[in-house]
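Protein chains in written order, with the numbering used here: chain C, 9 to 84; chain Z, 285 to 508.
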């Protein structure tokens, strides 16, 4: 899931080399913290949060299929 | 980072207002257009242009601007989409592939493989995937649609039904309706669905990502 989120995010940003995903698991839930260049934060969040919502929808769907619930946050 | 919102008669006027307020030259501002200006027409209220100026944390208005870095080169879009198909397949354990074809100047991404239906079964997934891929395509200056497992067909039909329902509402109260952001393919579906609708006309207003379809009473009907 970490690799999938990195792939999705790299296509959205101007600086794909700055994309990092930090993964940790807590109480059976996989938390993915997405880190991008500060100038790219708006691109991964999107207007009205639509892009980050879409990323969350995709990762949750994948998580459900693999039996590992997943949450995505954009790192500050 | 926080955004500051400015408006004006057009985008240039909104930028000029931002430049004055922030004490920075227009060329140094990093901004996104929230809304293109739209002219008042057939009872619609004219809307000003609105922009959000992005301000980096730690950089106050009036301090020297740091230019946004040049975008790094990306692999070509079809190759990126193909690689995403592999990632999806790996992550879900389903047989999924993303096929890309260019049709009438637009990229069509087809979700293929025995696992496509299972993956697209969650109704939120197809629009989410399409949203992300469209943002990818925008960066490459291309239009894009996602098809596969009946997703596009269902979505097109839902748009046709909605256009007809809105046309009914326009006939009842005479008030034009403006649809949310649709791409050129979707705008065409609305225009075609209503091209023979009695007493109704459709047209598009705005430019770029702010372009919207308006469903309005046909002018001759008003004059009658």
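By construction, the Cβ of each residue, glycine as well, lies at the ideal position given by its N, Cα and C atoms.
9 angstroms Cβ cutoff met for residue 51 (chain C) and residue 20 (chain C): yes
beta-carbon residue 412 (chain Z) near the ligand NAP non-hydrogen atom, thresh 8 angstroms: By its list of ligands, the structure shown contains no ligand whatsoever, and the ligand NAP lies outside what it can speak to.
Closer than 7 angstroms at the beta carbon, the chain Z residues around residue 109 (chain C): Residue 109 (chain C) lies beyond the residue range present for chain C, which begins at 9 and ends at 84; the question has no answer from this structure.
Stretch pair the region 55 to 72 of chain C + the region 303 to 311 of chain Z: three plus CB contacts closer than 8 angstroms: no
Beta-carbon spacing of residue 439 (chain Z), residue 465 (chain Z) below 9 angstroms: no
At least 3 beta-carbon pairs within less than 8 angstroms: the region 422 to 430 of chain Z vs the region 381 to 393 of chain Z: yes
C-beta neighbour in chain A for residue 57 (chain C), strict 9 angstroms: The structure shown has no chain A; the protein chains it does contain are C and Z.
Inter-residue CB distance, residue 87 (chain C) and residue 23 (chain C) (contact presumed, cutoff 8 angstroms): An answer regarding residue 87 (chain C) cannot be provided, because it is not within the stretch 9 to 84 covered by chain C.
Proximal residues, the region 302 to 322 of chain Z versus chain C, C-beta separation under 9 angstroms: 314, 316 and 318
C-beta contact flag for residue 378 (chain Z) and residue 365 (chain Z) at 9 angstroms: no
Close-in-space but distant-in-sequence residues of the same chain around residue 480 (chain Z) (CB under 7 angstroms, 5 per side omitted): none
Neighbourhood of residue 344 (chain Z) by C-beta distance below 7 angstroms, restricted to the same chain and skipping five residues each side: The predicted model places residue 344 (chain Z) with a pLDDT of 44, which falls under 50 and marks its position as unreliable, so this point remains unresolved.
Residue 16 (chain C), enclosing alpha helix (DSSP H) - first and last residue: 10 to 18
Cβ pair residue 333 (chain Z), residue 291 (chain Z) closer than 9 angstroms: yes
Within chain C, the residues that residue 364 (chain Z) reaches when beta carbons sit closer than 7 angstroms: 19
Residue 296 (chain Z) versus residue 339 (chain Z) - alpha carbon distance: 18 angstroms
Residue closest to residue 455 (chain Z), alpha-carbon to alpha-carbon, out of Z:315, Z:503 and Z:363: Z:503
Residue 315 (chain Z) versus residue 301 (chain Z) - alpha carbon distance: 13 angstroms
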